[in-house]
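Read through the structure below, which is laid out as structure tokens, and then see the notes.
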Amino acid sequence: LTQLEAEVERQRAKQAAADELASAMGEEDMLKLQQAITKAQQHGVDTADASARLTQLEAEVERQRAKQAAADELTSAMDGEDIPTLEQAITKAQQHGVDTADASARLTQLEAEAERERAKQAAADELMSAMVG
Numbered sequence: 386l387t388q389l390e391a392e393v394e395r396q397r398a399k400q401a402a403a404d405e406l407a408s409a410m411g412e413e414d415m416l417k418l419q420q421a422i423t424k425a426q427q428h429g430v431d432t433a434d435a436s437a438r439l440t441q442l443e444a445e446v447e448r449q450r451a452k453q454a455a456a457d458e459l460t461s462a463m464d465g466e467d468i469p470t471l472e473q474a475i476t477k478a479q480q481h482g483v484d485t486a487d488a489s490a491r492l493t494q495l496e497a498e499a500e501r502e503r504a505k506q507a508a509a510d511e512l513m514s515a516m517v518g
């Protein structure tokens, strides 16, 4: 190839890499975007915006992972009887944007049950005290 043909081929490859990069930036596929960034860098294409987009996608994946973990923790806490554990799970879930309506209802139920148990125990203690005294 002549020098001019080689330059035209380099420009074509650079444009193809830039086009691939632009396409990948519009998608949610981190692997595809990372591969497009690598290819674009090899062809001298500016990848600053694409790298920022990749960072944004990675952060979104991490947020979704944390939200799912909080939702799973909340579900587990709702299955139990431990009020402090459920309260902590509700707080964490709220911080991650998880719906906590059912969990709050469960917490109210557990608190009511605990209050009934305390009242029952107080009555039993009073009865025992009266019987002993």
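Sequential numbering of the sequence shown, starting at 386, is according to the working numbering.
From the three backbone atoms N, C-alpha and C, an ideal C-beta is built for every residue, glycine too.
Quantities reported herein were computed from a predicted structural model and do not represent experimental measurements.
> Under the three-state reduction of DSSP, which class applies to Asp-487: helix, strand or coil?
Replying inline: Looking at Asp-487 - three-state DSSP - the assignment turns out to be helix.
>> Can you find the residues in the same chain that come closer than 7 Å, C-beta to C-beta, to Ala-451, ignoring five residues on each side of it along the sequence?
In response: His-481
> Since Ala-421 and Ala-409 are thought to touch, with beta carbons under 8 Å apart, how far apart are those beta carbons, to the nearest angstrom?
Replying inline: Contact annotation, Ala-421 with Ala-409: C-beta distance approximately 4 Å; criterion of less than 8 Å satisfied.
> When we look at the beta-carbon of Glu-412 and count the other beta-carbons within 10 Å, is it buried (16 or more) or exposed?
Replying inline: exposed
>> Comparing C-alpha positions only, which one of Asp-414, Asp-467, His-428 and Ile-475 sits nearest to Glu-394?
In response: Comparing C-alpha distances from Glu-394 to each of Asp-414, Asp-467, His-428 and Ile-475 shows the shortest one belongs to His-428.
> Secondary structure at Val-517, three-state DSSP: helix, strand or coil?
Replying inline: helix
> What is the residue span of the alpha helix (DSSP H) that Thr-470 lies within?
Replying inline: 468-480
> Can you give the beta carbon distance from Ile-475 to Ala-488, rounded, assuming they're within the 8 Å contact cut?
Replying inline: 5 Å
>> Short of 6 Å in beta carbon distance, which residues of its chain neighbour Asp-484, apart from the five on each side in sequence? Order them along the chain.
In response: none
> When burial is assigned at 16 or more other CB atoms within 10 Å of the CB, is Arg-448 buried or exposed?
Replying inline: exposed
> In terms of alpha-carbon separation, which member of Ala-478, Glu-498, Gln-396 and Thr-423 lies closest to Glu-561?
Replying inline: What the structure shows of the chain is the stretch from 386 to 518, and residue 561 is not part of that stretch, so it cannot be assessed.
>> Looking only at its chain, what residues have a beta carbon closer than 8 Å to the beta carbon of Asp-434, apart from the 5 residues adjacent to it on each side?
In response: Met-410
>> Using 8 Å for Cβ pairs, my map puts Val-430 next to Ala-403. What's the rounded Cβ distance?
In response: 5 Å
> Which one of Ala-507, Ala-508, Ser-461 and Asp-414 has the shortest CA to CA distance from Arg-438?
Replying inline: Asp-414
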